[in-house]
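Presented below is the structure to which this report refers.
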Amino acid sequence: MDGADDKRPVNAENRTPRSAVVVNPVKVTDLEEFRRTVDGALAAAGWPAPTWYETTVEDPGRGQAEQAVKAGAEVVFACGGDGTVMACVTALAGTDVALAVLPQGTGNLLAANLGLSGELAAGLQVAVERGMRRLDVGVVGDQCFAVMAGMGFDAQMLDSTSETTKKRIGWPAYVVGAARHLRDRPMRVSVRIDGKPPLRRRARSVLVANVGRLQGGVRLLTDAEPDDGWLDVAVLTPRTLGHWLAMGWAVLRRRDRVPGMEVFRARSVEITSTRAQPRQLDGDLIEPGRSLKATIRPESLWLCVPRPEEHPDLAEDADAVGERGEHLVEEARRE
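Position 156, counted from 1, in the sequence shown is what my numbering calls 1322; the numbers after and before it change by one each time, with no gaps.
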């Protein structure tokens, strides 16, 4: 499908959309209370009760989302961490079923790009307001990602961040994980963009991004847009602690040029290292490997967003949506 049909799955005329919730029960403290809140909020908005699917260790959400599509769902709520969201992205890409994110884990890379980290009420309100965008997705093997894939330092950081620390302090736990690898030796990589001759670098990390925001809401790639048909490839080459600090300062200041970082645009990219490296998709670790090949599928995912217009920042208007969502949840709890 890849954007051939721009018909929105849920619009103003469709006042009673069918929905499903794909939930990772491990990420929810009180599943029954959570279910009552979601069911009540959707009922208050005039939606019928959603169908619920629980993920398992063997299937983190893809199979459940595919079942929801077959059962006629028009909106699928992904409720869990990055792995649950990515599994739902993979299942829904190329369909006319919309994805809504109800963040429950501590990472939630896509939720961070929507300005929704940890906010159940905002996630529900975004869906019921029917603000939707048709987004590109990246493809690695048989999996899709909506935000970014990476090889090297970024995946090392994720691997070194404990679940206990994340639960205790939230996203700053990733800073602790990153600090353990700042002095690691770089990778020797070749980066082939759209089949052109490879670029050879000594890099700490190579990121392939559809959207530019990292954990904690830090915007690394200011020009990355989620529906422009391109992947933004960032090659990070800091060699010393001073280089890391200079890079971090430039990112925080939103400078156009970041020292130690080269950015390219691609429709397909293949990264090859001389040795196996940690790898990640949308903040979820995948098996280490010597290569990472990603391609773009333009306009293949309907995503519920705070601002449906063509704005490069998917989190635009998220605070206002969150406030309206709190009223929706309060109304549901009074009934």
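Backbone N, C-alpha and C fix where the C-beta goes; we use that ideal spot for every residue, glycine too.
(Q) Using only the alpha-carbon positions, how far apart do aspartate 1171 and arginine 1405 sit? (A) Residue placement at aspartate 1171 cannot be trusted, given a pLDDT of 46 that sits under 50; the coordinates are not used to answer.
### Query
By DSSP, does threonine 1438 sit in helix, in strand, or in coil?
Note: threonine 1438 maps to strand in three-state DSSP.
Note to self: Short of 6 Å in beta carbon distance, which residues of its chain neighbour arginine 1174, apart from the five on each side in sequence? Order them along the chain.
What the structure shows: Short of 6 Å from the beta carbon of arginine 1174, and not among the five residues preceding or following it, lie these beta carbons of its own chain, in chain order: Met1298.
Taking the CB atoms as reference points, tell me whether leucine 1348 and leucine 1265 lie closer together than 8 Å.
Not a contact, by the Cβ cut-off of 8 Å.
Legend entry - Closest by C-alpha distance to glycine 1448, when choosing among Thr1256, Val1242 and Ser1185: Residue identity check: residue 1448 is aspartate in the sequence provided, not glycine. Nearest option by C-alpha distance: Thr1256.
What do you get for alanine 1288, buried or exposed, if any count of 16 or more other CB atoms within 10 angstroms of its CB means buried?
Counting Cβ neighbours within 10 Å, alanine 1288 comes out buried, since at least 16 surround it.
**Item:** Closest residue to alanine 1345 among Pro1216, Leu1324, Arg1420 and Met1353 (Cα-Cα distance)
**Value:** Closest by C-alpha distance to alanine 1345, out of Pro1216, Leu1324, Arg1420 and Met1353, is Leu1324.
Margin query: Beta-carbon within less than 7 Å of tryptophan 1410's beta-carbon, same chain only, minus the 5 sequence neighbours each way: which residues are those?
Written below: Non-local beta-carbon contacts of tryptophan 1410 in its own chain, meaning distances under 7 Å to residues more than five positions away in sequence, involve Leu1348 and Pro1404 in chain order.
**Asked** If we call anything under 8 Å between Cβ atoms a contact, is methionine 1427 one with valine 1399?
**Response** Taking 8 Å as the cut-off, the Cβ atoms of methionine 1427 and valine 1399 do not count as close.
* Whole-Å CB distance - alanine 1315 paired with alanine 1442, under 8 Å assumed -> With 8 Å as the limit, alanine 1315 and alanine 1442 do not qualify as a contact, their Cβ atoms being about 16 Å apart.
| query | What are the boundary residues of the beta strand (DSSP E) that includes lysine 1459? | reply | Element bounds for lysine 1459: 1450-1470.
If glycine 1304 sits next to asparagine 1376, beta carbons under 8 Å apart, how far is it from one beta carbon to the other, in whole angstroms? Confirmed, Cβ separation roughly 5 Å.
Item checked: CA nearest to the CA of tryptophan 1213, picked from Glu1453, Val1374, Met1413 and Ala1186 -> Checking every option, the nearest Cα to that of tryptophan 1213 belongs to Ala1186.
query = Secondary structure at threonine 1182, three-state DSSP: helix, strand or coil?
reply = In the structure shown, threonine 1182 falls within a coil segment according to DSSP collapsed to helix, strand and coil.
Review point. CB-CB under 8 Å to aspartate 1168, same chain, minus the five flanking residues each way: which ones, in chain order?
Key: At aspartate 1168, the pLDDT of 43 sits below 50, so the modelled position is not reliable and the matter cannot be decided from this model.
**Prompt:** Helix, strand or coil: which one does DSSP assign to proline 1191?
**Reply:** Correct three-state label for proline 1191: helix.
- Message: Using CA atoms only, rank isn't needed, just tell me which of Ser1434, Leu1458, Phe1311 and Gln1270 is closest to valine 1372.
- Response: Residue nearest to valine 1372 within the set Ser1434, Leu1458, Phe1311 and Gln1270 is Leu1458 (criterion: CA-CA distance).
Margin query: Please tell me whether arginine 1433 and methionine 1317 are closer than 8 Å, where the distance is taken between their beta carbons.
Written below: Cβ distance not < 8 Å, so arginine 1433 and methionine 1317 don't count as in contact.
Going by DSSP, name the residue or residues bridged to serine 1371. The partner list for serine 1371 (beta bridge, DSSP) reads Gly1318 and Leu1402.
Between which two residues does the alpha helix (DSSP H) carrying glutamine 1309 extend? Element bounds for glutamine 1309: not the alpha helix (DSSP H) but the beta strand (DSSP E), 1309-1311.
Pairwise C-alpha distance: glycine 1395 and tryptophan 1218: Tryptophan 1218 and glycine 1395 have their C-alpha atoms some 33 Å from each other.
Could you please give the first and the last residue of the uninterrupted beta strand (DSSP E) stretch that includes leucine 1265?
Residues 1264-1269.
Quiz item: Can you tell me whether DSSP reads valine 1204 as helix, strand or coil?
Solution: When DSSP states are grouped into helix, strand and coil, valine 1204 belongs to the helix group.
| message | Going by DSSP, what residue range makes up the alpha helix (DSSP H) through glutamate 1232? | response | It spans 1228-1236 - the alpha helix (DSSP H) in which glutamate 1232 sits, taken as one unbroken run.
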